[in-house]
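Numbering (the UniProt record's numbering), first residue to last: 1 to 547.
Glycine residues also receive a C-beta, built at the ideal position from the N, C-alpha and C atoms.
Dropping the structure here:
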């Protein structure tokens, strides 16, 4: 309900009668004078009041009229306040009845709805229970059928298995009897053979195995070379540009070292490659061209190979083989042909390295007798150190130096790096690690005699210094950390005794590089092979530092 008070009073002294309001407002009876009540009761008062409204009051009024107007205004305000109070305290029965009716209707509707929902839920639960009971019966029936079938199949399976077991036992017994008979016969026959025949047979078997290995290696080399050609052909141009840039930087560094009279990795590489080219183009070519000299060379080669194959980790056997080979390859035997002597040295070096590729890859301890034989010839055969080092570089690339081989015109880079035909990277790593294990064994062999610079113990320190200085060798792949782990496994502890605190500092520097796996180019690369090689190198460093 709304109440309003006019902003200004009518200028007429007689209040006009308002038409009744249609809204729900209530108004208090007027407390005006008796003359106004009479006017309300009189129906003719409307007309008289209406006729008086159009009159216009003058702008200026007297003080007496102002006092009359103030009295009327006060009365009007009092009437309005009384009307407002009455409206506030007014009680409407209809509105109360309406609200009560609505509440009752809602309560009744809620009750009916809850009753209806409960009945429907009961019906649904009953239907669901009936369906569940039917489904349970179906499942029980299916389960019973399946169990019966499984029992029948299990029975058949057990019977079949029993029959198979019986047949297998019978065959096994028959095979065992036949094998035992053959074994007994062979044992009787072997006991009757003489020791000389046994040795001859073993030599013949070794020869056949060696020939088979050579055939297998030849086939494998062809496959590996084909694969290497496919792999390196796409990378050759980019690698060539990169190597040229790196070679320029390396040459500048090595020029500084050369000015100081020090041997540089690149000079060692060039020395080995140039010697290989000279030997191939000179002595080997001339020996192959002379039929008689070639036959003599082949006869010596056939004697060298089985003697190297007889090596075991026994001092007597090692000394015997060394003496026999020294007698066979002594320079005095080739006074008439120095070319043949160079060819024999190449064959002797190749036989040692081939034996290392085959045996050291499978058994690490096989490197010990091979290293002792190689070291014996390093000290006792003229020009053998240079030839052996040349063949080692030929079969492993620049890793014995170590150095990243610079490209050569007309020569595939895979061949410079020591890859065989169709040789995968894991096989290459295993083969190179076996050859380098023999080389590291030679380096740590104690001696009092002057030795070639490539086989002195100081070369062990130089190898690590060069490898750690050229991070390309460590970051380019897993070969670098794998060879580092091999070197530490062979002579890490002995090197600590030789080089003392400096070796310990070098190991600390290497340890920090191996543990920095978050760098952009970690040691060994980010491949699984690189991670494995880095882990092995880290374990070897820890073993050396904790020993």
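Can you list, in chain order, the residues of its chain whose CB lies under 7 Å from that of residue i, leaving out five sequence neighbours each side?
i: residue 454; result: 385 and 389
i: residue 351; result: 304, 305 and 308
i: residue 457; result: 443, 444 and 498
i: residue 206; result: 306 and 309
Look up residue i in the DSSP assignment and give the residues it is bridged to.
i: residue 422; result: 224
Taking DSSP as the reference, what is the three-state secondary structure of residue i?
i: residue 157; result: helix
i: residue 8; result: Confidence is the limiting factor: at residue 8 the pLDDT is only 44, short of 50, which leaves the residue's position unreliable, though a coordinate-based value still follows. Coil at residue 8, not helix or strand.
i: residue 494; result: helix
i: residue 318; result: helix
i: residue 543; result: helix
i: residue 461; result: helix
i: residue 526; result: coil
i: residue 139; result: helix
i: residue 90; result: coil
i: residue 290; result: coil
i: residue 265; result: helix
i: residue 373; result: helix
i: residue 403; result: coil
i: residue 196; result: helix
i: residue 361; result: coil
i: residue 410; result: coil
i: residue 520; result: coil
i: residue 534; result: helix
i: residue 335; result: coil
i: residue 481; result: helix
i: residue 434; result: helix
i: residue 444; result: coil
i: residue 489; result: helix
i: residue 167; result: helix
i: residue 450; result: coil
i: residue 131; result: helix
i: residue 188; result: helix
i: residue 274; result: helix
i: residue 103; result: helix
i: residue 312; result: coil
i: residue 78; result: helix
i: residue 330; result: coil
i: residue 299; result: helix
i: residue 417; result: coil
Could you give the C-beta distance for residue i and residue j, rounded to a whole number, given that I count them as a contact under 8 Å?
i: residue 269; j: residue 429; result: Going by Cβ atoms, the distance from residue 269 to residue 429 rounds to 20 Å, so no, they are not a contact pair.
i: residue 361; j: residue 436; result: Not a contact, Cβ separation roughly 11 Å.
i: residue 509; j: residue 484; result: Rounded, the Cβ-Cβ distance is 12 Å, inconsistent with contact.
i: residue 493; j: residue 544; result: 6 Å
i: residue 421; j: residue 222; result: 5 Å
Would you mind working out which of the options sits nearest residue i, comparing C-alpha positions?
i: residue 274; options: 343, 394, 350 and 220; result: 394
i: residue 465; options: 499, 480, 495 and 506; result: 506
i: residue 409; options: 383, 244 and 302; result: 244
i: residue 337; options: 387, 396 and 286; result: 286
i: residue 448; options: 72, 376 and 229; result: 376
i: residue 294; options: 331, 340, 310 and 277; result: 340
i: residue 482; options: 459, 500 and 537; result: 537
i: residue 471; options: 522, 142 and 225; result: 522
i: residue 446; options: 513, 316, 184 and 495; result: 495
i: residue 283; options: 297, 272 and 527; result: 297
i: residue 501; options: 461, 160, 473 and 489; result: 461
i: residue 302; options: 382, 175, 78 and 204; result: 204
i: residue 514; options: 143, 156, 540 and 334; result: 540
i: residue 368; options: 326, 440, 335 and 380; result: 440
i: residue 349; options: 334, 333, 326 and 189; result: 326
i: residue 322; options: 334, 291 and 379; result: 379
i: residue 272; options: 118, 405 and 216; result: 405
i: residue 504; options: 519, 531, 431 and 547; result: 547
Using C-beta distances below 8 Å, list every residue in its chain close to residue i, excluding the 5 sequence neighbours before and after it, in chain order.
i: residue 178; result: none
i: residue 300; result: 328, 329, 344 and 347
i: residue 279; result: 342, 346, 387 and 390
i: residue 33; result: The predicted position of residue 33 is uncertain, since its pLDDT is 42 and thus under 50; no value can be drawn from it.
i: residue 70; result: none
i: residue 227; result: 421, 422, 423 and 424
i: residue 542; result: 511
i: residue 426; result: 529
Here's a check: name, in chain order, each residue in its chain whose Cβ is nearer than 6 Å to the Cβ of residue i, leaving out the five neighbours to either side.
i: residue 374; result: 352 and 442
i: residue 356; result: 370, 434, 435 and 438
i: residue 529; result: 478
Can you determine whether any heavy atom of the ligand ATP sits closer than 6 Å to the C-beta of residue i, and answer yes or no?
i: residue 498; result: Annotation note on the ligand ATP: not contained in the displayed structure, which lists no ligands.
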